[in-house]
Structures are given as structure tokens and as C-alpha cells.
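Residue numbers (this note's numbering): 64 to 212.
Written below as C-alpha cells is the structure these notes are about.
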Amino acid sequence: MTKKSLLSVVFLLVILLPFILIFGREVLSTNPDNRYRASGTSSTAHEIGIDDYYSVQSMSASFSVLQYENEEIHIEFADSIVKLNWNNDYIIASSKKDDLDVYSDVYYLIVNRGTREVVEYDSLEQFEKEIKAKNINLELERKVAFDWY
């Protein structure tokens, strides 16, 4: 290999490597673990189905609503959902107080799936203390960690 061709290869790697790293990271971070994404969904328009009644509806990049809905009742628990998770008994979530403010304070909530009772917490410490007391062995996950419909 000539010195000129070696320099050309090094130059191409230096130019292309940042783009490969940036776009590769973006693909991996937007769909970790190869989660299901229904056709037509995007980070700004999708639904995360928890069960037949609970879901998170995302209408924009900053506005996602945790809701309960059946034939008779429609309840919205929180908007601007940032992270969530659930088990058979509870849904836990974090939400921004101001959905238009990127640096808005975050609050936390625990929803009892059976009674639809929701309790909000202003601090992470209070929230973690309560999930430990209720023996909720879940961690909050970003919305990209779930299937989108």
C-alpha cells in the first residue's frame, strides 16, 4: 500500500468515523433491545399499551399522557411522562411539572392499578422510600424501552 493510499484511508476514517458513531448511537438509543415499533409510530406519536385499560399516549416530543380508559371512564393521571414502569399491581412514573420547559422540575407518581388511586411525590427520596415500603421492585425506564403502537 502506498503512502498516498494509506493517507487517503486514514483521512476517510477520520471523516466518516464520527458520523458512524453518532448515527449508530442514535439508532441504538432510540430502540434499545430491538423493541417493537408499529409502522407509522415515532417518538412524537405513539402509544405504550400497559394493559386493556392503561396506556401512555404520546402526542409530541414533550407531551405524553398516562391514562385509564374504559367504556364509561376516562382518567388522565399525568402528562409530560418522562419515565415509567409497571407490574401487576402498580404503575410508577416520573413527569415534568411544565411540559414546555426542558429544565422543569420532575415529580413522581405511583398508581394503584386496581383502585386507580394515584399518589404524587415531589422528591425522588420520598418516591423511592414509598416504592420500597410497598415492595415495588421496579426501576423507572425511558419510554423508548417499551413497545410502541
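For each residue, glycine too, the CB sits at the ideal point set by N, CA and C.
Close-in-space but distant-in-sequence residues of the same chain around ALA124 (CB under 6 Å, 5 per side omitted)
THR107
So, with DSSP's three-state summary, where would you put LYS204?
Per the sequence shown, the amino acid found at residue 204 is Glu instead of Lys. Note: GLU204 maps to strand in three-state DSSP.
For the stretch 198-205 against the stretch 97-114, are there 3 or more C-beta pairs whose distance is under 8 Å?
no
Might you give, ordered along the chain, the residues of its own chain that have their beta carbon closer than 6 Å to the beta carbon of ASP210, omitting 5 neighbours on each side?
ARG98 and TYR99
Inter-residue spacing [alpha-carbon to alpha-carbon] between TYR184 and TYR171:
5 Å
With distances taken Cα to Cα, identify the nearest neighbour of ASN198 among ARG179, ALA141 and TRP149.
TRP149
Look at the alpha carbon of ASP142 and the alpha carbon of LYS195, and state the distance between them as a whole number of angstroms.
24 Å
Could you check how far apart the C-beta atoms of VAL119 and LEU147 are, in whole angstroms? I think they sit under 8 Å.
6 Å
Just to confirm the assignment: which complete alpha helix (DSSP H) runs, minimum length 4, are found wholly within the stretch 173-205?
187-196
Whole angstroms is fine: what's the gap from LEU70's alpha carbon to VAL207's?
41 Å
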